[in-house]
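Top line first, the protein sequences correspond to chains A and B.
Every position in the first sequence, counted from 1, becomes a number in the working numbering once 133 is added.
Every position in the second sequence, counted from 1, becomes a number in the working numbering once 133 is added.
Quick notes on the structure that follows.
Protein chains: 2
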Amino acid sequence: MTPPGPASRSRISASDIASAIVRAIESGERQPGERLVEADLCLRFGTGRQAVREALQQLKAAGVVEIVPNRGAHILAISAEQAILTLEVTELLFGLAARSAARRIAAGADASSLERAVAELEACRDEGDAASYMHARRHLFGALAHIAANPELTRSLDQARVHVMRGQFGFAMMRHEHAGELAQVGKLVLAGQAAEAEAAARAYVERIRHRLETP
Amino acid sequence: MTPPGPASRSRISASDIASAIVRAIESGERQPGERLVEADLCLRFGTGRQAVREALQQLKAAGVVEIVPNRGAHILAISAEQAILTLEVTELLFGLAARSAARRIAAGADASSLERAVAELEACRDEGDAASYMHARRHLFGALAHIAANPELTRSLDQARVHVMRGQFGFAMMRHEHAGELAQVGKLVLAGQAAEAEAAARAYVERIRHRLETP
DNA sequence: TGTCAACAGATTGTCGACAATCCGAGCGCT
DNA sequence: AGCGCTCGGATTGTCGACAATCTGTTGACA
């Protein structure tokens, strides 16, 4: 959960609480079905109910929790079927992010964030560690979205529940060979090969999806 | 704006306010850059500030407004460049919606909502009217998302700012020939022709995008 | 005349309290 | 024992008020 929250100064905002909860779900610290009681979260984050309620609304919009009137919020479980449907969308978005980023890098955009993410992934591939792989993957997504410079795409990728799925489907997503695949996507983007990068990105997501479809 | 809000009973909720504001932007009643003052909205909708603030947060997540601390919310303008980027995402999502819906209809899903939307579009094509075309288009999107039965896709399409763009780029999106094109997409979906429906859907969005790219 | 500081107004951010609602326990009745 | 009802605890939904912050204006001074 890590109450500290944001980077440094300023108050703890609703977005900080929301992403902290998402990370807690990712890490398995909080389980699907679990209730999220406002008062608890207020104590945990040391903030008022207003901020907590806003965070819960954001999570509801993102499809992470369900809020039933007068009953509060609880973490939604994702069925394998829903995970597959989510990955259908992710495949498109991730592919577009790779393609756009590759084009912009070919046009001279700043690639340093992506280079760092790729290096991080390659380090993970060798001495794999679940948490650091998650971290690196998030960095890669962030770098691609940043370089693609498409606000709508960034928003859609952010709100996609890909990250949340790891709590339940980590077994399928955590194989170490994926770190290498992702790094390969990053390298193609860095090389400015738009079509190849998009294909590799989609193939990466599709492979995870197939693994869910045929257990 | 239409304060009445939702279908019938129950309180006016944040989502109702948010969609009312979106419709007001669509219709040109509210302009980009305009400030959205909480107290004003409270009076207009007859609700407390809490609901209004939640609505503004939703609009912020959807990229419709920007909220600067202690300054409040104002409606974001969409540049032509941003509109094109948004349509790049929309093209993928709309195509996936058409493909998935077609597959599910071929598998026996209920198609009545889509049939109604297509009929509505064809009526618009003959006696075109801006507002009713917007209405019909929204119905078609909703029907496709409903039939596709992909929660992630539904959410992404909902939050896409396609609808908002009309306030600024109506000139490019409102041509009447589009009603016919959209109806054609609906018919292909109804026929269960997944690949053709996806191609038609993507072509529809791409055509609008090209019109923005080359004015 | 130009610049800076202080002030007034307006608006948002946050807190506390109360009302509304729901779930589960306990009790009486059949 | 089984069933329905009432009550208590807990939690959420909503309102009002106050503090914090920003903008635009006024006025003094170089």
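Each residue gets a CB set at the ideal place from its N, CA and C atoms; glycine is no exception.
Within chain B, partners of residue i - CB distance below 9 Å
i       : result
S160(A) : What S160(A) touches in chain B: nothing, since even the nearest Cβ is about 22 Å away.
E187(A) : R186, E187 and Q190
Reduced DSSP category for residue i - H, G, I as helix; E, B as strand; rest coil
i       : result
A242(B) : coil
M134(B) : Low confidence applies to M134(B): its pLDDT is 49, below 50, so where it sits in the model is not reliable, and the reading given next is rough at best. Note: M134(B) maps to coil in three-state DSSP.
I341(B) : helix
P139(A) : The predicted position of P139(A) is uncertain, since its pLDDT is 36 and thus under 50; no value can be drawn from it.
L290(B) : helix
L169(B) : strand
G228(B) : helix
G275(A) : helix
A195(B) : coil
I280(A) : helix
S212(A) : coil
T223(B) : helix
D259(A) : helix
R177(A) : helix
R249(B) : helix
Q164(B) : coil
Chain A contact residues for residue i, given Cβ-Cβ distances below 9 Å
i       : result
V155(B) : By Cβ distance, chain A contributes nothing, its closest Cβ being about 14 Å from V155(B), past 9 Å.
L225(B) : V222, L225, L226, G228 and L229
Element boundaries [beta strand (DSSP E), containing residue i]
i       : result
A324(A) : Premise fails: A324(A) is in no beta strand (DSSP E) and is neither H nor E.
Residue interval of the alpha helix (DSSP H) (run including residue i)
i       : result
A206(A) : Unbroken run through A206(A) is the beta strand (DSSP E), G205 to I208; no alpha helix (DSSP H).
I158(A) : A147 to E159
Per DSSP, cross-strand counterpart(s) of residue i
i       : result
V201(B) : G205(B)
Below 7 Å between beta carbons is the criterion; list the residues of the stretch 189-219 of chain A that meet it against any residue of chain B, in chain order. Hits within the stretch, in order: Q190, Q191, A194, G196, Q215, L218 and T219.
For the stretch 283-294 of chain B, enumerate the residues whose C-beta is nearer than 9 Å to any C-beta of chain A, in chain order. Those residues of the stretch 283-294 of chain B that come within reach of chain A (Cβ to Cβ, closer than 9 Å) are N283, P284, E285, L286, R288, S289, Q292, A293 and R294.
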